[in-house]
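Structure first, then comments.
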Amino acid sequence: MTTTPCGRMEPTPGPTAAFDLNQALLQSREQARAQWAEGLAQFQSQMAAIANTSMQEVVQAAAPAFALGFSFSAQKLINEEHEVLRVTLRHRGGAEEFSEAQAPQEGSAAWHALTASLLAGLLGIPVGNPPRTIEPDQLQTAAATVCARCHRAASASGLGTAAPAPAAAPAPAADDPEAADDEWDTGAPDSPEAG
126 MTTTPCGRME PTPGPTAAFD LNQALLQSRE QARAQWAEGL AQFQSQMAAI
176 ANTSMQEVVQ AAAPAFALGF SFSAQKLINE EHEVLRVTLR HRGGAEEFSE
226 AQAPQEGSAA WHALTASLLA GLLGIPVGNP PRTIEPDQLQ TAAATVCARC
276 HRAASASGLG TAAPAPAAAP APAADDPEAA DDEWDTGAPD SPEAG
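Numbering-wise, the sequence shown is residues 126 to 320 according to our numbering.
Here's what the structure looks like:
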């Protein structure tokens, strides 16, 4: 029994009420995580790579995420006698994640650069040039060019003459398990050396 401010006695919530409260909290967390995931997926589907992790460039790239309900904070914490910079990314639905690194001088250029880098990581913003796609005909042309260069270099250095291929290693005895681990068949056409 608990006493209310008016002096009335009310029953203490029982196991059923605690279970219901716990279920409501779990459902709320799941809903917050779902909103987080949906917002982050929507942001990542339309973002582009940035050239570097300057604070200005990361914040500009993150602007669509902020419009979707995300926000961030950066703070210095003492963690096991070390100063740590923690960048926390939050969503208006209640979910949050953070990333930490050893803290540089607070307010310094290194502080801002590290904050931007951690924020870019939390949002999944790619940094650097986007990967180029290579068409199959470009791949064949590039391979032919590389092979021609290797052949010319080998000829110029005197390595162009073909040495006789080593004889294939004898197959290990079937009843000797250690020999099977130590021997290779270098004459196999699908081995890396054959290429």
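Idealized CB from N, CA, C, for every residue including glycine.
A220 sits close to A157, with the two beta carbons spaced by under 9 Å. Annotation: the continuous alpha helix (DSSP H) that includes Q181 extends over M180 to A192.
The beta carbon of Q230 lies closer than 8 Å to those of W236 in the same chain, with the five residues before and after it left out. Annotation for S196: the continuous beta strand (DSSP E) segment containing it runs F195 to N204.
If you draw a straight line from the Cα of D145 to the Cα of Q152, it comes to about 10 Å. In terms of Cα proximity to E205, the closest of Q227, H216, A186 and Q185 is Q227.
In the three-state reduction of the DSSP assignment, Q230 falls in the coil class, being assigned neither a helical nor a strand state.
With fewer than 16 other beta carbons inside 10 angstroms of its own, I203 counts as exposed. Taking 8 Å as the upper bound for CB-CB distance, G253 and A187 are not in contact here, some 17 Å apart. Here S198 is exposed, its C-beta having fewer than 16 other C-beta atoms within 10 Å. DSSP places R158 within a helical segment (H, G or I) once states are collapsed to three.
Scanning G232, R215 and R154 for the CA closest to the CA of A192 turns up R215.
The beta carbons of A238 and S179 sit closer together than 9 Å. Membership of V212 in the beta strand (DSSP E) is indicated by the continuous run H207 to H216. By the beta-carbon neighbour count (other beta carbons within 10 angstroms, threshold 16), G164 is buried. In this structure, the CA atom of E155 is about 35 Å from the CA atom of A176. When beta bridges are read from the DSSP output, F168 appears opposite no residue.
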